[in-house]
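> Going by numbering that gives the first Met the number 0, the sequence shown opens with residue 0, and the numbers climb by one from there.
Glycine included, each C-beta is placed from N, C-alpha and C at the ideal position.
A quick note: this is a predicted structure, and the numbers were derived from the prediction, not measured.
One structure is given below, represented as structure tokens, and several questions about it will come after.
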Amino acid sequence: MNFNRTNLYITITLASFRTNKIIRGAMLKQLNLKKLSYIIIFLSLIFGLYILSFVVINFSDYSGDQINDAYRIMATWDGKWPTLGSGPTAWSGLVGEFYLPPLYYYLVFPFTALTADLSAQAMPNALLTFLSIPLLILTSYKLLENVEHNQRLFLSALAGFWYICLFENIVMSTGHSIAGNPVSITFFLLCFVLLYTYQMEGKLSPNLELLSWMAYGLVLAILSNLHFSSLYVMPVVFIITVIFYISRNYREKRRWLLSGVAAFTAILAMTPYWIGEIGRNWVNTARIIAIVTKSSGGKEYSLSILSRFKAIFNGYFGLGQEVYFFGESSKSLIISIIFLGLVLVLGSLKFRGNRILLNVLFLIWSIFLLAYSSTDMEKTYNPTFYKLLIYLAPIVFTVCSLAYINFPKRVNQVLSGFIIACITLSIVINLNLHHNYINSRSGIPRVLSTHDIADSLRKLPEKSTLCQPNGNPRNLRNDEYIDRFVTKRDLKFVPNCQPGFYIIHAKYESLGNFKLKKDEKFPSELAKYQNTAQLVAETPLYYVYLLSGS
0 MNFNRTNLYI TITLASFRTN KIIRGAMLKQ LNLKKLSYII IFLSLIFGLY
50 ILSFVVINFS DYSGDQINDA YRIMATWDGK WPTLGSGPTA WSGLVGEFYL
100 PPLYYYLVFP FTALTADLSA QAMPNALLTF LSIPLLILTS YKLLENVEHN
150 QRLFLSALAG FWYICLFENI VMSTGHSIAG NPVSITFFLL CFVLLYTYQM
200 EGKLSPNLEL LSWMAYGLVL AILSNLHFSS LYVMPVVFII TVIFYISRNY
250 REKRRWLLSG VAAFTAILAM TPYWIGEIGR NWVNTARIIA IVTKSSGGKE
300 YSLSILSRFK AIFNGYFGLG QEVYFFGESS KSLIISIIFL GLVLVLGSLK
350 FRGNRILLNV LFLIWSIFLL AYSSTDMEKT YNPTFYKLLI YLAPIVFTVC
400 SLAYINFPKR VNQVLSGFII ACITLSIVIN LNLHHNYINS RSGIPRVLST
450 HDIADSLRKL PEKSTLCQPN GNPRNLRNDE YIDRFVTKRD LKFVPNCQPG
500 FYIIHAKYES LGNFKLKKDE KFPSELAKYQ NTAQLVAETP LYYVYLLSGS
């Protein structure tokens, strides 16, 4: 009897020990996952702070479009408050030139108090890109409902880290630069989606709810000012979301009132534009309406179903080669299609999280792709930043796939392993481009930054004339801006070179993969001056020549 009791005691003790060991192992595993999540979040913020600060401090890439914006922003200091934004758009020829509303300029203007350098345009975009990291982590965490907390935290952290590793974040706009109005769309889009989700959940206090709807209208106005794609898409999304919100209880006056507050806030935020339009007889607004009307029924937009499907396909799957697996090779294409297709299917079909949030994202993406497919992409300028409204879709679908796949264990392991391998590949490819970019824009040798341009202009005598070897006046406008607002030497800038003019010739330039390339000692376009030109100044980064005819 005692023997049996002893065996029973030993059995219970061993079982208890094993149970405790399993529990401790599970707790340790969860604790390690939680720590790993916080480490990833920390690394995301540190890397984001570093790379975005680097871009601003070593600002080097800019284009004619950005110079136009810079002049309009700086004119504000002379009391010329802008009433039109960037433009004209690539489609202006169909209805006459039209421009964006000007709120982006009002976002940038305060930063010009810090510096007149062209990097002032990059500062707000760098700040908002950095703030997009925690905002995307929050959005992902809220999206992944019904998932164990530590796994939910880890996948959200992974989304934030993957996002900031994307090289396109810092070469987004025209001229391979973070300066430019479309760049901050990601931040405001996440704000838009989160604000509506919280409102639909109905958990806010009355005062906070009112402020939230006001913010919803303000964010709509800003998004509509950032790019033509968001100008066409976001007002439609806003109207649909408001109608759906009211329809849940259309007899409730509060819903009508709050929706009206959001619409009124959006209209009020556009006051500078309305003031300008009154003086212009509403010509810009009329042209925007005309282009929307033409794209809906005009013959020039009558594309075949096949062409529209191709555009929709490229709108999403094109992000693979353009952003996530940067490259033009066939391998990049195959991986992009397989990976983006897989996460699209898994993330959509297996999703069991916050339906409100995902439905708003789906609405935005669907309307964007519909608008995107209405344009003949073979005849239209089509850079990556046109797709910023759908830019984060692969990340969202990926974290949803990893969170909710529920196939047999073996299948889950294979699919998860493949997805994680693709994420790793994407991060490695993008970090390699970051590496090239940093190496080509820091130390000596390097690509000329705006500070280097200013230094080279100071080498010229006051009121002298600088010409552009390739005869491109748009590049000269960059130098002209720097002289006017930074060096202030009253220089003249002309597109065609002749004896008596100066040229500044950089020793290094950036290749397509952002690696550094050594340039010729003298520009080939001016070969006839090569033997007679006088070398006025030389630094490790550039030459300054005075052209002579004999």
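Run the CB neighbour count on Leu-510, radius 10 Å, all protein chains shown included, and call it buried at 16 or more, exposed below.
So Leu-510 ends up on the exposed side.
> Determine the direct distance from the alpha carbon of Thr-185 to that of Ile-389, and round the result to whole angstroms.
Rounded to the nearest angstrom, the two C-alpha atoms are 9 Å apart.
> Per DSSP, what kind of secondary structure is Leu-540 in: helix, strand or coil?
Leu-540 falls in the coil class under three-state DSSP.
> Residue ranges of each alpha helix (DSSP H) run of no fewer than 4 residues wholly in the stretch 172-245, ordered along the chain?
Segments of the alpha helix (DSSP H) lying fully in the stretch 172-245: 184-200 and 205-225.
> Along the chain, where does the beta strand (DSSP E) that runs through Glu-508 open and close?
Its beta strand (DSSP E) spans residues 507-509.
> Specify, as a first and last residue, the run of the alpha helix (DSSP H) that Thr-464 falls within.
Taken as a continuous stretch (DSSP letters only), Thr-464 belongs to no alpha helix (DSSP H), being part of the beta strand (DSSP E) at 464-466.
> Name the one or two DSSP bridge partners that Ile-502 has.
Tyr-544, per the DSSP bridge assignment.
> Taking 7 Å as the cut-off, is the beta-carbon of Glu-144 closer than that to any non-hydrogen atom of the ligand NAP?
Within the structure as shown, the ligand NAP is missing, as the structure has no ligands at all.
> Which partner residues does Val-493 have in the DSSP bridge list?
Paired residues: Cys-466.
> Are Phe-110 and Leu-48 close, meaning C-beta to C-beta below 8 Å?
No. Outside cutoff.
> With a CB to CB cut of under 7 Å and the five nearest residues on each side skipped, what residues in its chain are close to Ser-455?
Excluding residues within five positions, the ones whose Cβ falls inside 7 Å are Ile-503, Tyr-541 and Val-543.
> Can you check DSSP and say which residues form a bridge with Gln-320?
Bridge partners of Gln-320: none, in fact.
> Just to confirm the assignment, what range does the beta strand (DSSP E) spanning Lys-517 have?
Looking at the DSSP string, the run of the beta strand (DSSP E) that includes Lys-517 is 515-517.
> Cα separation between Thr-270 and Ala-119?
So the alpha carbons of these two residues sit roughly 24 Å apart.
> Would you identify the three-state DSSP class for Gln-533, choosing helix, strand or coil?
Gln-533: strand per DSSP, three-state reduction.
> Have a look at Val-192 and Tyr-215 and give me their C-alpha separation to the nearest angstrom.
Approximately 9 Å, taken between the alpha carbons.
> Would you report the Cα separation of Lys-527 and Lys-506, rounded to the nearest angstrom?
Those two C-alpha atoms are separated by around 20 Å.
> Going along the chain, which residues of its own chain have a beta-carbon closer than 7 Å to the beta-carbon of Phe-166, five neighbours each way excluded?
Same-chain partners within the cutoff: Phe-325, Asn-429, Leu-432 and His-433.
> Rounded to the nearest angstrom, what separates Phe-108 and Glu-461 at their Cα positions?
Computed Cα separation, rounded: 29 Å.
> Any idea if Lys-517 is buried or exposed, counting beta-carbon neighbours within 10 angstroms, 16 or more meaning buried?
The residue in question, Lys-517, is exposed, as its Cβ has fewer than 16 Cβ neighbours within 10 Å.
> Can you look up Ser-139 in the DSSP assignment and give me helix, strand or coil?
Of the three classes helix, strand and coil, the one that applies to Ser-139 here is helix, per DSSP.
> Check Tyr-557 in the structure and name its three-state DSSP category.
Since the first residue shown for the chain is 0 and the last is 549, residue 557 is missing from the structure and cannot be characterised.
> Within the continuous alpha helix (DSSP H) that includes Gln-412, where are the two ends?
Gln-412 -> alpha helix (DSSP H) spans 408-439.
> Using alpha carbons as the reference points, say which of Gly-179, Cys-164 and His-226 lies closest to Leu-188.
Here the closest residue by C-alpha is His-226.
> State the DSSP-derived secondary structure class of Ala-402, mapped to helix, strand or coil.
Helix.
> Is it buried or exposed for Gly-352, if we count other Cβ within 10 angstroms and need 16 for buried?
Buried is the call here.
> Between which two residues does the alpha helix (DSSP H) carrying Ser-258 extend?
Here the alpha helix (DSSP H) through Ser-258 covers 252-268.
> Just to confirm, is the Cβ distance from Gly-179 to Gln-65 under 8 Å?
Their beta carbons are under 8 Å apart, which means Gly-179 touches Gln-65 by this criterion.
> Which of helix, strand or coil does DSSP assign to Tyr-315?
Here Tyr-315 sits in helix by DSSP.
> In the structure shown, what three-state DSSP assignment does Leu-459 receive?
Three-state DSSP puts Leu-459 in coil, outside helix and strand.
> Write down the C-beta distance between Phe-492 and Leu-515 rounded to the nearest angstrom, noting that I regard them as a contact closer than 8 Å.
About 27 Å separates the two Cβ atoms, so there is no contact after all.
> Report the option in Ile-481, Ile-437, Phe-361 and Thr-240 whose CA atom is closest to the CA atom of Val-170.
Comparing Cα positions, the closest option is Ile-437.
> So, does the stretch 76-87 touch the stretch 269-284, judging by three or more C-beta pairs under 8 Å?
In short, these stretches touch, since the Cβ pair count reaches three.
> Skipping 5 residues on each side, what residues in its chain have a beta carbon closer than 7 Å to that of Ser-258?
Answer for Ser-258: Val-241, Tyr-244 and Ile-245, listed in chain order.
> Let's test the definition: count the other Cβ atoms within 10 Å of the Cβ of Met-0 and tell me whether it reaches 16, buried, or not, exposed.
With a pLDDT of only 45 at Met-0, under 50, the local geometry of the prediction cannot be trusted, and the value read off the model is given with reservation. Exposed is the call here.
> In terms of residues, what are the limits of the alpha helix (DSSP H) holding Phe-160?
Per DSSP, Phe-160 belongs to the alpha helix (DSSP H) from 148-164.
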